[in-house]
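Heads up: the structure comes next, in structure tokens.
Numbering (the numbering used here), first residue to last: 274 to 457.
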């Protein structure tokens with residue numbers, strides 16, 4: 274919310290006190306209220322890209338606030354460590370920085386957490402324990418959500434038995450009323 278010109282990619286020039294007193298409290302409250310997943314930002318804060326900020330994603334989020342859920346990347350935020358922030362020499366280096374900082378999942382597709390990272394782990398340049406830590410967090414969350422239960426299905430229960438019909442006269446009338454009431 275404090276990036277230059279309000280742009281996703283723009284830097285955030287903020288001091289530690291303003292960050293702690295103004296920007297972080299809503300996130301802390303969301304976590305205290307039960308949020309189990311956090312998404313990092315694209316931008317940097319005072320010159321440090323959030324996707325590579327171990328002080329923020331591990332020190333504050335996990336160590337100070339006690340967060341045990343997953344941290345997911347904001348779309349191509351991990352790849353941007355190479356192409357936008359220029360703090361990594363390649364995608365493998367970007368993946369190593371993000372994993373070490375505490376980013377568990379790369380969204381929306383495997384890009385940085387792909388082949389180059391696998392090679393770095395195989396060669397010992399990236400500690401396999403860092404990858405295992407992220408995998409453990411993801412699998413723990415999937416277990417908590419029941420996504421690994423034998424009877425789990427990606428298809429919503431309402432669609433498993435019969436098609437839901439949401440386009441009848443009553444539904445359209447309600448939609449129209451809601452739209453009319455929400456016009457500003």
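We treat Cβ as the ideally placed atom computed from N, Cα and C, and that holds for glycine.
What you are looking at is a predicted structure, and each value in this text was computed from that prediction instead of being measured.
With burial defined as no fewer than 16 other Cβ atoms inside 10 Å of the residue's Cβ, what is the status of residue i: buried or exposed?
i	result
residue 346	buried
residue 285	buried
residue 318	buried
residue 351	buried
residue 322	buried
According to DSSP, simplified to helix, strand and coil, what is residue i?
i	result
residue 343	strand
residue 356	helix
residue 446	helix
residue 310	strand
residue 422	coil
residue 400	coil
residue 457	coil
residue 285	strand
residue 378	strand
residue 321	strand
residue 299	helix
residue 280	coil
residue 326	coil
Assuming residue i and residue j form a contact by the criterion Cβ under 8 Å, report the distance between their Cβ atoms to the nearest whole angstrom.
i	j	result
residue 343	residue 411	6 Å
residue 414	residue 309	6 Å
Could you work out which residue in the options is closest to residue i when comparing CA atoms only?
i	options	result
residue 326	300, 372 and 406	372
residue 349	339, 341, 367 and 338	367
residue 298	351, 392, 279 and 338	338
residue 358	451, 316 and 281	316
Look at residue i and residue j and say whether their C-beta atoms are less than 9 Å apart.
i	j	result
residue 398	residue 369	yes
residue 324	residue 383	no
residue 364	residue 385	yes
residue 276	residue 283	yes
residue 447	residue 380	no
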